[in-house]
Amino acid sequence: MLKFKNTLVSSGSIESSIRKKMVEEFKPTQLEIKNDSHLHSHHSAMKAIGGGSGETHFSVAIISDKFEKVSKIQRHRMVYELLKDELNKEGGIHALSIQAFTPEEAK
């Protein structure tokens with residue numbers, strides 16, 4: 001079972017987009033998204049863009065059958081490809097931590 005501590009309840013447009021795309025593409029049995037942006041708003045890169053959108057740093061944990069027989073690096077590539085618009089958008093995702101498991105691995 002996945003559990004993030006202090007997961008924010010509210011979600012912004014980038015977080016909503018991440019959730020929608022990941023649910024549609026991976027049909028996860030479990031998906032947790034944590035917005036860690038508040039921990040990084042003081043960094044110089046974030047200050048340079050006015051503190052960012054408040055949606056720049058995320059941690060994602062997902063369990064999906066789509067990761068069966070797929071290497072860890074390929075799983076990450078699948079997620080990065082899916083979220084390329086959010087990653088390339090100015091003021092979009094600056095950092096993304098991914099934990100991607102099969103149902104068997106998550107037991």
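According to full-length UniProt numbering, the residues represented by the sequence shown are 1 to 107, in order. Quick reminder that beta carbons are idealized off the backbone N, C-alpha and C, glycines included.
- Beta-carbon to beta-carbon, F26 and K66 are separated by about 5 Å, close enough to satisfy the 8 Å threshold.
- Contact check for I73 against Q30 fails: the beta carbons are separated by 9 Å or more.
- Look at H76 here: in three-state DSSP terms it is helix.
- Going by C-alpha positions, E32 is about 15 Å away from E24.
- E90 places its beta carbon 9 Å or farther from that of E55.
- Note on geometry: alpha-carbon atoms of H57 and L96 lie some 6 Å from one another.
- With a beta-carbon spacing of about 12 Å, I93 and L82 fall beyond the 8 Å limit used to define contacts.
- The C-alpha of N88 is placed about 25 Å away from the C-alpha of V70.
- Here S17 is actually not in contact with K34; their C-beta atoms are around 15 Å apart, not less than 8 Å.
- Distance check between I98 and each of Y80, K107, E104 and P28 places Y80 closest, using alpha-carbon atoms only.
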